[in-house]
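S.K.:
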Amino acid sequence: MTTVDEWTDIYLDDEGNFREALDGDVQLVSGDDAILQDIQHELETVKGSYPFDREYGLLLVQYLQRENTKMAREELIQDIKERLRQHSSIDPGSVVVQVERWTMREIVISASFRLLTAKLEDPRSALKLLITVDGVRLIRS
4 MTTVDEWTDI
14 YLDDEGNFRE
24 ALDGDVQLVS
34 GDDAILQDIQ
44 HELETVKGSY
54 PFDREYGLLL
64 VQYLQRENTK
74 MAREELIQDI
84 KERLRQHSSI
94 DPGSVVVQVE
104 RWTMREIVIS
114 ASFRLLTAKL
124 EDPRSALKLL
134 ITVDGVRLIR
144 S
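Heads up, the sequence shown is in the numbering used here, so the first residue is 4 and it goes up one at a time.
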């Protein structure tokens, strides 16, 4: 089993490009920051588009074509909750998802959760993602 301290990935900028280290190599990210980047990337990825895992990602764009109904909101919230709860580093009982705004051009969703590695007394342990169909942004509490 991989521990959070061993979780390392290539550091990506907000557009998904590799960040360059001072020595010219790619910059790495590890620990909680690598886990959060992984969660963010999975939520941004269109399900079926990742060649190594067809189940990776979500189909958030399909909701833009739907009317803002109670059923559509509940389905969207459930899709995001399920994906977050499946992540091995998230406390499944801590996941909260809300639709903040839904128009024909944009859907804004907030999702908060606690990493299993976080200390409960740490005020930064509760994390919030702001999700739009255009991308996912991490907001640290």
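Using N, Cα and C, we set each Cβ at its ideal position, and we do this for glycine too.
(1) In angstroms, rounded to a whole number, what distance separates the CA positions of V49 and L63?
(2) According to DSSP, is A24 part of a helix, a strand, or is it coil?
(3) Relative to the C-alpha of I38, which candidate in D94, T72, V29 has its C-alpha closest?
(4) Rounding to the nearest angstrom, what Cα-Cα distance links T11 and Q68 in this structure?
(5) With DSSP as the reference, identify every bridge partner of W10, one or two as the case may be.
(6) Are three or more beta carbon pairs between the region 70 to 81 and the region 33 to 47 nearer than 8 Å?
M.R.: In this structure, then:
(1) Translated into the one-based positions of the sequence shown, residue 49 becomes position 46. Translated into the one-based positions of the sequence shown, residue 63 becomes position 60. Using only the alpha carbons, I get a separation of about 7 Å.
(2) The count along the sequence shown starts at 1 and reaches residue 24 at position 21. A24: coil per DSSP, three-state reduction.
(3) For the purposes of this step, residue 38 is taken as residue 35 along the sequence shown, with counting starting at 1. The shortest Cα separation from I38 among D94, T72, V29 belongs to D94.
(4) Residue numbering aside, residue 11 sits at position 8 when the sequence shown is read from its first letter. Residue numbering aside, residue 68 sits at position 65 when the sequence shown is read from its first letter. Counting only the Cα atoms, Q68 lies some 37 Å from T11.
(5) Working through the sequence shown from its first residue, we reach residue 10 at position 7. W10 is not bridged to any residue.
(6) no
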